[in-house]
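Structure first, then comments.
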Amino acid sequence: MPSNKNTRIENIDFIRGVAVLGILVMNSLIFALPVSAYFNHSSEGATNIIDWIIIFFQEIFISQKMMGLFSLLFGASFVLFLESLRIKGYKKPKLIILWRNFILFLVGVIHAYFWMGDILTIYAILSIILLFLHNRNILLLLFLAVFFTYFSSILALIFQSFFDSEGNLSKTIIEQSIFTDKIGLGKFWFSDSIILGEAMSLYFLVDIACRSLGMMLLGICLYRLNFLSAEFEKKTYINKLIIPGFIVGIILSLISLVWYQIEDYSPEIALIANIPNKIGIIPLVVSYVGLCSLLYKKISNKYSSYFVSTGRMAFTNYLSQTILCFIIFNLLFSSNNFSRKEIIIFVFIIWIIQLIWSKYWMSRFNQGPLEFIWRKITYLGKN
(Lines of atoms letter the chains of each structure in order from A; the text may use other names.)
(Lines give C-alpha, C1' and ligand atoms only; values in the text may rest on other atoms or scores of the structure.)
Protein backbone atom coordinates (compact mmCIF):
# COMPACT_ATOMS: atom_id res chain seq x y z
CA MET A 4 0.00 0.00 0.00
CA PRO A 5 1.32 3.48 -0.80
CA SER A 6 1.91 5.80 2.10
CA ASN A 7 -0.52 8.62 2.87
CA LYS A 8 2.07 11.11 1.65
CA ASN A 9 2.52 9.32 -1.67
CA THR A 10 -1.25 9.06 -2.12
CA ARG A 11 -1.58 12.79 -1.45
CA ILE A 12 1.15 13.69 -3.92
CA GLU A 13 -0.20 11.35 -6.60
CA ASN A 14 -3.70 12.76 -6.19
CA ILE A 15 -2.34 16.28 -6.66
CA ASP A 16 -0.48 15.11 -9.76
CA PHE A 17 -3.65 13.45 -11.07
CA ILE A 18 -5.66 16.66 -10.66
CA ARG A 19 -2.81 18.68 -12.18
CA GLY A 20 -2.82 16.37 -15.18
CA VAL A 21 -6.51 17.09 -15.71
CA ALA A 22 -5.91 20.83 -15.27
CA VAL A 23 -2.97 21.14 -17.68
CA LEU A 24 -4.95 19.31 -20.35
CA GLY A 25 -8.03 21.37 -19.58
CA ILE A 26 -6.40 24.78 -20.00
CA LEU A 27 -5.43 23.83 -23.54
CA VAL A 28 -9.12 23.89 -24.50
CA MET A 29 -9.19 27.66 -23.95
CA ASN A 30 -5.57 28.54 -24.72
CA SER A 31 -5.83 26.96 -28.16
CA LEU A 32 -8.39 29.62 -29.11
CA ILE A 33 -5.76 32.37 -28.79
CA PHE A 34 -3.51 30.55 -31.25
CA ALA A 35 -6.18 29.61 -33.78
CA LEU A 36 -8.52 32.62 -33.73
CA PRO A 37 -8.45 36.36 -33.11
CA VAL A 38 -8.22 37.17 -29.39
CA SER A 39 -11.82 38.42 -29.40
CA ALA A 40 -13.12 34.87 -29.99
CA TYR A 41 -11.99 33.92 -26.48
CA PHE A 42 -14.30 36.52 -24.92
CA ASN A 43 -16.81 37.55 -27.57
CA HIS A 44 -17.86 34.12 -28.77
CA SER A 45 -19.86 35.50 -31.68
CA SER A 46 -16.90 37.41 -33.15
CA GLU A 47 -15.08 34.46 -34.74
CA GLY A 48 -15.12 30.67 -34.95
CA ALA A 49 -18.85 30.19 -34.37
CA THR A 50 -20.45 29.23 -37.68
CA ASN A 51 -22.88 26.43 -36.79
CA ILE A 52 -24.70 24.65 -33.99
CA ILE A 53 -21.75 22.36 -33.24
CA ASP A 54 -19.51 25.38 -32.63
CA TRP A 55 -22.09 26.82 -30.23
CA ILE A 56 -22.39 23.53 -28.36
CA ILE A 57 -18.61 23.62 -27.91
CA ILE A 58 -18.83 27.25 -26.74
CA PHE A 59 -21.50 26.24 -24.22
CA PHE A 60 -19.29 23.45 -22.85
CA GLN A 61 -16.18 25.66 -22.77
CA GLU A 62 -17.87 28.55 -20.97
CA ILE A 63 -19.72 26.45 -18.42
CA PHE A 64 -17.03 23.94 -17.52
CA ILE A 65 -13.64 25.15 -18.75
CA SER A 66 -13.29 28.93 -19.10
CA GLN A 67 -11.44 30.38 -16.06
CA LYS A 68 -12.12 27.16 -14.12
CA MET A 69 -9.19 25.13 -15.44
CA MET A 70 -6.83 28.04 -14.91
CA GLY A 71 -8.35 28.35 -11.44
CA LEU A 72 -7.68 24.66 -10.82
CA PHE A 73 -4.12 25.03 -12.14
CA SER A 74 -3.55 28.01 -9.82
CA LEU A 75 -5.04 26.14 -6.87
CA LEU A 76 -2.57 23.31 -7.40
CA PHE A 77 0.32 25.78 -7.67
CA GLY A 78 -0.57 27.03 -4.19
CA ALA A 79 -0.81 23.52 -2.78
CA SER A 80 2.45 22.46 -4.45
CA PHE A 81 4.15 25.57 -3.10
CA VAL A 82 3.50 24.43 0.48
CA LEU A 83 4.31 20.82 -0.37
CA PHE A 84 7.69 21.82 -1.80
CA LEU A 85 8.46 24.06 1.18
CA GLU A 86 7.64 21.21 3.55
CA SER A 87 9.91 18.84 1.65
CA LEU A 88 12.81 21.31 1.89
CA ARG A 89 12.39 21.54 5.64
CA ILE A 90 12.15 17.76 6.01
CA LYS A 91 15.36 17.37 4.01
CA GLY A 92 17.10 19.76 6.40
CA TYR A 93 17.81 22.73 4.14
CA LYS A 94 18.71 25.70 6.33
CA LYS A 95 17.25 28.40 4.07
CA PRO A 96 14.21 26.88 2.36
CA LYS A 97 12.65 30.27 1.64
CA LEU A 98 15.69 31.37 -0.34
CA ILE A 99 15.50 28.18 -2.38
CA ILE A 100 11.82 28.87 -3.04
CA LEU A 101 12.64 32.41 -4.20
CA TRP A 102 15.44 31.17 -6.44
CA ARG A 103 13.22 28.42 -7.86
CA ASN A 104 10.51 30.92 -8.75
CA PHE A 105 13.00 33.40 -10.16
CA ILE A 106 13.95 30.67 -12.63
CA LEU A 107 10.24 30.21 -13.35
CA PHE A 108 9.95 33.95 -13.94
CA LEU A 109 12.79 33.92 -16.48
CA VAL A 110 11.22 30.99 -18.32
CA GLY A 111 7.92 32.85 -18.26
CA VAL A 112 9.47 35.98 -19.77
CA ILE A 113 10.83 33.93 -22.66
CA HIS A 114 7.51 32.12 -23.02
CA ALA A 115 5.57 35.41 -23.00
CA TYR A 116 7.69 36.64 -25.89
CA PHE A 117 6.20 33.87 -28.02
CA TRP A 118 2.73 33.82 -26.52
CA MET A 119 0.69 36.58 -24.86
CA GLY A 120 -1.19 34.16 -22.60
CA ASP A 121 1.77 33.14 -20.41
CA ILE A 122 0.95 32.71 -16.72
CA LEU A 123 4.37 31.61 -15.44
CA THR A 124 5.62 35.16 -14.85
CA ILE A 125 2.55 36.00 -12.78
CA TYR A 126 2.83 32.76 -10.82
CA ALA A 127 6.49 33.45 -10.07
CA ILE A 128 5.76 36.96 -8.80
CA LEU A 129 2.80 35.82 -6.70
CA SER A 130 4.97 33.15 -5.05
CA ILE A 131 6.60 35.97 -3.07
CA ILE A 132 3.23 36.78 -1.53
CA LEU A 133 2.60 33.09 -0.83
CA LEU A 134 5.86 32.97 1.07
CA PHE A 135 4.46 35.45 3.60
CA LEU A 136 0.92 34.07 3.75
CA HIS A 137 1.14 30.28 3.49
CA ASN A 138 1.28 29.59 7.24
CA ARG A 139 -1.28 32.18 8.37
CA ASN A 140 -4.53 31.33 10.11
CA ILE A 141 -6.61 29.20 7.77
CA LEU A 142 -9.72 31.36 8.20
CA LEU A 143 -7.71 34.40 7.16
CA LEU A 144 -6.42 32.51 4.13
CA LEU A 145 -9.96 31.48 3.17
CA PHE A 146 -11.13 35.07 3.45
CA LEU A 147 -8.23 36.31 1.31
CA ALA A 148 -8.82 33.52 -1.21
CA VAL A 149 -12.44 34.55 -1.68
CA PHE A 150 -11.60 38.26 -1.64
CA PHE A 151 -8.89 38.13 -4.30
CA THR A 152 -10.78 35.69 -6.52
CA TYR A 153 -13.92 37.82 -6.47
CA PHE A 154 -12.13 41.15 -6.62
CA SER A 155 -11.97 40.57 -10.37
CA SER A 156 -15.78 40.87 -10.41
CA ILE A 157 -15.57 44.29 -8.78
CA LEU A 158 -12.86 45.15 -11.28
CA ALA A 159 -15.13 44.18 -14.18
CA LEU A 160 -17.87 46.43 -12.82
CA ILE A 161 -15.47 49.37 -12.53
CA PHE A 162 -13.82 48.94 -15.92
CA GLN A 163 -17.12 48.47 -17.76
CA SER A 164 -17.92 52.10 -16.88
CA PHE A 165 -14.80 53.19 -18.79
CA PHE A 166 -16.39 52.26 -22.12
CA ASP A 167 -19.38 53.55 -24.06
CA SER A 168 -22.06 51.53 -25.84
CA GLU A 169 -19.79 51.13 -28.89
CA GLY A 170 -16.87 49.78 -26.89
CA ASN A 171 -14.84 52.99 -27.12
CA LEU A 172 -13.32 54.77 -24.15
CA SER A 173 -15.95 57.09 -22.69
CA LYS A 174 -15.53 60.85 -23.12
CA THR A 175 -15.07 61.25 -19.37
CA ILE A 176 -12.14 58.84 -19.30
CA ILE A 177 -10.58 60.47 -22.38
CA GLU A 178 -10.92 63.95 -20.88
CA GLN A 179 -9.27 62.79 -17.66
CA SER A 180 -6.32 61.44 -19.70
CA ILE A 181 -6.17 58.27 -17.59
CA PHE A 182 -5.05 56.25 -20.61
CA THR A 183 -2.84 57.87 -23.23
CA ASP A 184 -3.69 55.62 -26.19
CA LYS A 185 -7.48 56.25 -26.09
CA ILE A 186 -8.20 52.67 -27.22
CA GLY A 187 -11.41 51.05 -26.01
CA LEU A 188 -12.18 47.34 -25.83
CA GLY A 189 -9.97 46.79 -28.87
CA LYS A 190 -9.11 43.24 -29.85
CA PHE A 191 -10.60 41.98 -26.59
CA TRP A 192 -14.04 42.32 -28.19
CA PHE A 193 -13.62 43.13 -31.88
CA SER A 194 -12.10 40.66 -34.33
CA ASP A 195 -11.03 43.41 -36.74
CA SER A 196 -8.92 45.15 -34.10
CA ILE A 197 -5.25 44.28 -33.62
CA ILE A 198 -4.58 46.39 -30.52
CA LEU A 199 -5.57 45.69 -26.93
CA GLY A 200 -4.94 49.13 -25.47
CA GLU A 201 -3.81 50.34 -22.06
CA ALA A 202 -7.21 50.09 -20.37
CA MET A 203 -7.83 46.44 -21.20
CA SER A 204 -4.16 45.55 -20.66
CA LEU A 205 -4.41 46.90 -17.12
CA TYR A 206 -7.70 45.09 -16.59
CA PHE A 207 -6.22 41.78 -17.72
CA LEU A 208 -3.12 42.13 -15.58
CA VAL A 209 -4.99 42.90 -12.35
CA ASP A 210 -7.79 40.43 -13.12
CA ILE A 211 -5.49 37.47 -13.78
CA ALA A 212 -3.18 38.30 -10.87
CA CYS A 213 -6.04 38.57 -8.38
CA ARG A 214 -7.80 35.42 -9.56
CA SER A 215 -4.55 33.47 -9.57
CA LEU A 216 -3.58 34.62 -6.07
CA GLY A 217 -7.04 33.87 -4.72
CA MET A 218 -7.04 30.35 -6.11
CA MET A 219 -3.46 29.72 -4.92
CA LEU A 220 -4.52 30.65 -1.39
CA LEU A 221 -7.55 28.39 -1.70
CA GLY A 222 -5.21 25.59 -2.78
CA ILE A 223 -3.13 26.11 0.36
CA CYS A 224 -6.31 25.93 2.45
CA LEU A 225 -7.51 22.72 0.81
CA TYR A 226 -4.05 21.22 1.20
CA ARG A 227 -3.92 22.07 4.90
CA LEU A 228 -7.46 20.71 5.37
CA ASN A 229 -6.40 17.45 3.65
CA PHE A 230 -9.00 17.76 0.88
CA LEU A 231 -6.22 17.05 -1.63
CA SER A 232 -5.21 13.82 0.08
CA ALA A 233 -7.84 11.57 -1.58
CA GLU A 234 -8.41 10.05 1.87
CA PHE A 235 -11.99 11.17 2.51
CA GLU A 236 -14.96 8.88 2.02
CA LYS A 237 -16.92 8.94 -1.22
CA LYS A 238 -19.93 10.64 0.35
CA THR A 239 -17.74 13.42 1.76
CA TYR A 240 -16.44 14.37 -1.68
CA ILE A 241 -19.89 14.04 -3.25
CA ASN A 242 -21.93 15.86 -0.59
CA LYS A 243 -19.45 18.56 0.43
CA LEU A 244 -17.62 19.33 -2.81
CA ILE A 245 -19.07 17.83 -5.98
CA ILE A 246 -22.85 18.32 -5.77
CA PRO A 247 -22.99 21.82 -4.23
CA GLY A 248 -20.07 23.00 -6.36
CA PHE A 249 -21.57 21.78 -9.62
CA ILE A 250 -25.05 23.14 -8.91
CA VAL A 251 -23.91 26.63 -7.91
CA GLY A 252 -21.08 26.86 -10.44
CA ILE A 253 -23.08 25.68 -13.45
CA ILE A 254 -26.01 27.98 -12.69
CA LEU A 255 -23.74 31.02 -12.36
CA SER A 256 -21.78 30.21 -15.51
CA LEU A 257 -25.02 29.64 -17.39
CA ILE A 258 -26.30 33.06 -16.33
CA SER A 259 -23.28 34.71 -17.95
CA LEU A 260 -23.69 32.81 -21.19
CA VAL A 261 -27.42 33.56 -21.40
CA TRP A 262 -26.77 37.22 -20.57
CA TYR A 263 -24.35 37.52 -23.48
CA GLN A 264 -26.87 35.86 -25.79
CA ILE A 265 -29.78 38.05 -24.73
CA GLU A 266 -27.73 41.22 -25.22
CA ASP A 267 -26.33 39.90 -28.52
CA TYR A 268 -22.78 40.36 -27.23
CA SER A 269 -23.16 44.11 -26.91
CA PRO A 270 -20.01 46.01 -25.86
CA GLU A 271 -22.16 47.50 -23.10
CA ILE A 272 -22.00 44.21 -21.18
CA ALA A 273 -18.59 42.96 -22.39
CA LEU A 274 -17.13 42.81 -18.88
CA ILE A 275 -20.07 42.79 -16.50
CA ALA A 276 -21.86 39.86 -18.13
CA ASN A 277 -18.90 37.70 -17.17
CA ILE A 278 -19.27 38.48 -13.46
CA PRO A 279 -21.58 35.52 -12.67
CA ASN A 280 -19.12 33.24 -14.46
CA LYS A 281 -16.30 34.63 -12.32
CA ILE A 282 -18.32 34.05 -9.15
CA GLY A 283 -18.83 30.47 -10.28
CA ILE A 284 -15.09 29.78 -10.43
CA ILE A 285 -14.63 28.71 -6.80
CA PRO A 286 -17.68 26.39 -6.63
CA LEU A 287 -16.81 24.60 -9.86
CA VAL A 288 -13.08 24.34 -9.15
CA VAL A 289 -13.78 22.90 -5.70
CA SER A 290 -16.18 20.41 -7.27
CA TYR A 291 -13.45 19.41 -9.73
CA VAL A 292 -11.10 18.77 -6.82
CA GLY A 293 -13.69 16.46 -5.29
CA LEU A 294 -14.50 14.72 -8.58
CA CYS A 295 -10.85 14.19 -9.53
CA SER A 296 -10.00 12.91 -6.04
CA LEU A 297 -12.89 10.47 -6.27
CA LEU A 298 -11.85 9.31 -9.74
CA TYR A 299 -8.25 8.88 -8.59
CA LYS A 300 -9.46 6.58 -5.81
CA LYS A 301 -11.88 4.59 -7.94
CA ILE A 302 -10.35 4.05 -11.37
CA SER A 303 -7.64 1.54 -12.09
CA ASN A 304 -4.01 2.63 -11.79
CA LYS A 305 -3.65 1.50 -15.39
CA TYR A 306 -5.69 4.53 -16.45
CA SER A 307 -5.05 7.02 -13.64
CA SER A 308 -1.28 6.71 -14.19
CA TYR A 309 -1.64 8.49 -17.53
CA PHE A 310 -3.03 11.58 -15.82
CA VAL A 311 -0.62 11.31 -12.88
CA SER A 312 2.29 11.22 -15.33
CA THR A 313 0.87 14.16 -17.27
CA GLY A 314 0.54 16.11 -14.02
CA ARG A 315 4.08 15.29 -12.92
CA MET A 316 5.25 16.68 -16.26
CA ALA A 317 2.93 19.72 -16.12
CA PHE A 318 5.78 22.22 -16.63
CA THR A 319 6.99 20.38 -19.72
CA ASN A 320 3.47 19.81 -21.00
CA TYR A 321 2.36 23.41 -20.48
CA LEU A 322 5.29 24.78 -22.47
CA SER A 323 5.10 22.06 -25.11
CA GLN A 324 1.45 22.96 -25.69
CA THR A 325 2.65 26.37 -26.84
CA ILE A 326 5.14 24.76 -29.21
CA LEU A 327 2.57 22.34 -30.63
CA CYS A 328 -0.10 25.03 -31.02
CA PHE A 329 2.38 27.37 -32.68
CA ILE A 330 3.38 24.67 -35.15
CA ILE A 331 -0.20 23.64 -35.90
CA PHE A 332 -1.95 27.01 -35.99
CA ASN A 333 0.85 29.29 -37.17
CA LEU A 334 3.15 27.19 -39.34
CA LEU A 335 1.08 24.33 -40.76
CA PHE A 336 -2.18 26.27 -40.92
CA SER A 337 -2.00 30.05 -40.82
CA SER A 338 -5.46 31.07 -42.04
CA ASN A 339 -6.65 32.18 -38.57
CA ASN A 340 -10.10 31.11 -39.75
CA PHE A 341 -10.79 27.90 -37.84
CA SER A 342 -14.13 26.78 -36.51
CA ARG A 343 -14.43 25.65 -32.90
CA LYS A 344 -15.00 22.04 -33.91
CA GLU A 345 -11.79 22.06 -35.96
CA ILE A 346 -9.83 23.50 -33.04
CA ILE A 347 -11.21 20.92 -30.61
CA ILE A 348 -10.06 18.11 -32.90
CA PHE A 349 -6.49 19.42 -32.66
CA VAL A 350 -6.91 19.73 -28.88
CA PHE A 351 -7.90 16.06 -28.66
CA ILE A 352 -4.86 15.10 -30.74
CA ILE A 353 -2.53 17.07 -28.43
CA TRP A 354 -4.20 15.48 -25.39
CA ILE A 355 -3.52 12.00 -26.75
CA ILE A 356 0.09 12.91 -27.55
CA GLN A 357 0.72 14.34 -24.09
CA LEU A 358 -0.98 11.52 -22.21
CA ILE A 359 1.04 8.92 -24.11
CA TRP A 360 4.41 10.65 -24.03
CA SER A 361 4.02 11.54 -20.34
CA LYS A 362 3.25 7.93 -19.45
CA TYR A 363 6.14 6.70 -21.59
CA TRP A 364 8.63 9.23 -20.18
CA MET A 365 7.66 8.78 -16.53
CA SER A 366 7.91 4.99 -16.84
CA ARG A 367 11.61 5.51 -17.57
CA PHE A 368 12.56 8.64 -15.65
CA ASN A 369 11.66 10.21 -12.31
CA GLN A 370 10.92 13.64 -13.77
CA GLY A 371 9.91 15.33 -16.97
CA PRO A 372 12.77 16.83 -19.05
CA LEU A 373 12.08 20.46 -18.11
CA GLU A 374 11.26 19.49 -14.53
CA PHE A 375 14.68 17.81 -14.34
CA ILE A 376 16.46 20.93 -15.61
CA TRP A 377 14.42 23.17 -13.30
CA ARG A 378 15.28 21.00 -10.31
CA LYS A 379 18.98 20.90 -11.17
CA ILE A 380 19.18 24.69 -11.42
CA THR A 381 17.09 25.10 -8.26
CA TYR A 382 19.55 23.07 -6.19
CA LEU A 383 22.64 24.47 -7.89
CA GLY A 384 25.24 25.00 -5.18
CA LYS A 385 22.87 23.83 -2.44
CA ASN A 386 23.66 21.01 -0.09
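Just so we're aligned, residue 4 is where the sequence shown starts under my numbering, counting upward by one. Glycine residues also receive a C-beta, built at the ideal position from the N, C-alpha and C atoms.
Boundaries of the alpha helix (DSSP H) in which W377 is found, first to last residue: Here residue 377 corresponds to residue number 374 of the sequence shown, with the count starting at 1. Looking at the DSSP string, the run of the alpha helix (DSSP H) that includes W377 is 372-381.
Residues near L160 in its chain [Cβ-Cβ closer than 8 Å; skip 5 each side]: Residue numbering aside, residue 160 sits at position 157 when the sequence shown is read from its first letter. Within the same chain, L160 has close Cβ partners L274, I275, I278.
F166 - partner residues in DSSP beta bridges: On the sequence shown, position 163 is the one that residue 166 refers to. DSSP, once it has assigned bridges, lists L172 as partnering F166.
Residue span of the alpha helix (DSSP H) that contains S80, given as start and end: Numbered from 1 along the sequence shown, position 77 holds the residue referred to as residue 80. 68-90 is the extent of the alpha helix (DSSP H) around S80.
Cβ separation of L75 and L221, assumed to be a contact under 8 Å, to the nearest whole Å: Translated into the one-based positions of the sequence shown, residue 75 becomes position 72. Translated into the one-based positions of the sequence shown, residue 221 becomes position 218. With a Cβ gap of about 6 Å, L75 and L221 count as contacting.
I245 to I176 span [Cα, whole Å]: Taking the sequence shown and counting its residues from 1, one reaches residue 245 at position 242. Taking the sequence shown and counting its residues from 1, one reaches residue 176 at position 173. Straight-line Cα distance between these residues: approximately 44 Å.
Pair within 8 Å by beta-carbon distance, A79 and Y226: One-based indexing of the sequence shown puts residue 79 at position 76. One-based indexing of the sequence shown puts residue 226 at position 223. Contact flag set, yes.
From K379, F73, L101, residue whose alpha carbon lies closest to that of I26: Within the sequence shown, numbered from 1, the residue matching residue 26 stands at position 23. Answer by Cα proximity: F73.
Simplified DSSP state of G120, which is helix, strand or coil: Sequence index remark: in the sequence shown, residue 120 carries index 117 (1-based). Correct three-state label for G120: coil.
Alpha-carbon to alpha-carbon, S87 and K94: On the sequence shown, position 91 is the one that residue 94 refers to. On the sequence shown, position 84 is the one that residue 87 refers to. The straight-line gap from Cα to Cα measures roughly 12 Å.
Collapsed DSSP secondary structure at N140 in the structure displayed: For the purposes of this step, residue 140 is taken as residue 137 along the sequence shown, with counting starting at 1. Looking at N140 - three-state DSSP - the assignment turns out to be coil, as it is neither helix nor strand.
6 Å Cβ shell around F349 - same chain, five flanking residues per side excluded: By 1-based counting over the sequence shown, the position of residue 349 is 346. Same-chain partners within the cutoff: I331.
Separation of L83 from S130, as counted between CA atoms: Counting from 1 along the sequence shown, the entry for residue 130 is found at position 127. Counting from 1 along the sequence shown, the entry for residue 83 is found at position 80. For S130 and L83, the distance between alpha carbons rounds to 13 Å.
DSSP three-state assignment for P270, whether helix, strand or coil: Position 267 of the sequence shown, counting from 1, holds the residue named residue 270. Reduced to three states, the DSSP call for P270 is helix.
Same chain, Cβ closer than 7 Å to S155, five either side skipped, listed in chain order: Residue numbering aside, residue 155 sits at position 152 when the sequence shown is read from its first letter. Only D210, C213, R214, K281 meet the Cβ criterion.
Cβ contact check for the stretch 301-308 and the stretch 29-46: 3 or more pairs under 8 Å: Three or more beta-carbon pairs separated by less than 8 Å are not found between the stretch 301-308 and the stretch 29-46, which leaves the two stretches without contact.
Three-state class that DSSP yields for N51 in the structure shown: As a position in the sequence shown, residue 51 is number 48, starting the count at 1. N51 falls in the coil class under three-state DSSP.
Cβ neighbour criterion (16 or more within 10 Å) applied to E236: Taking the first residue of the sequence shown as position 1, residue 236 is located at position 233. Exposed, by the Cβ-count rule.
Cα-Cα separation, L107 to R378: The residue given as residue 107 occupies position 104 in the sequence shown. The residue given as residue 378 occupies position 375 in the sequence shown. The straight-line gap from Cα to Cα measures roughly 11 Å.
Reduced DSSP category for A40 - H, G, I as helix; E, B as strand; rest coil: For this step, residue 40 is matched to residue 37 along the sequence shown. Correct three-state label for A40: helix.
Other residues of its chain near G371: CB distance less than 7 Å, five sequence neighbours each side excluded: Position 368 of the sequence shown holds residue 371. For G371, where only same-chain residues beyond five positions count, the Cβ hits under 7 Å are R315, M316, F318, T319, W364.
Test item: CB-CB of L2 and F341 under 8 Å: Limits of the chain in this structure are 4 at one end and 386 at the other, which puts residue 2 out of reach.
The stretch 250-265 in contact with the stretch 163-183 per 3-pair CB rule at 8 Å: no
Sequence-distant residues of the same chain with beta carbon closer than 6 Å to L216, five excluded per side: Taking the sequence shown and counting its residues from 1, one reaches residue 216 at position 213. The answer, listed in chain order, is L129, F151.
Cutoff 8 Å; reference T50; Cβ partners in own chain excluding five residues on either side: Position 47 of the sequence shown, counting from 1, holds the residue named residue 50. Around T50: S342.
Closest Cα partner of L101 within the set A233, F81, I113, V112: As a position in the sequence shown, residue 101 is number 98, starting the count at 1. Taking only the C-alpha atoms, the option nearest L101 is F81.
A317, enclosing alpha helix (DSSP H) - first and last residue: For the purposes of this step, residue 317 is taken as the residue at position 314 of the sequence shown. Here the alpha helix (DSSP H) through A317 covers 317-329.
N- and C-terminal bounds of the alpha helix (DSSP H) containing Q357: Within the sequence shown, the letter at position 354 stands for residue 357. 343-365 is the span of the alpha helix (DSSP H), which, as asked, contains Q357.
Outcome for L142 when other beta-carbon atoms lying within 10 angstroms are tallied against a minimum of 16: Stepping through the sequence shown from its first residue, residue 142 is reached at position 139. Flag for L142 reads exposed.
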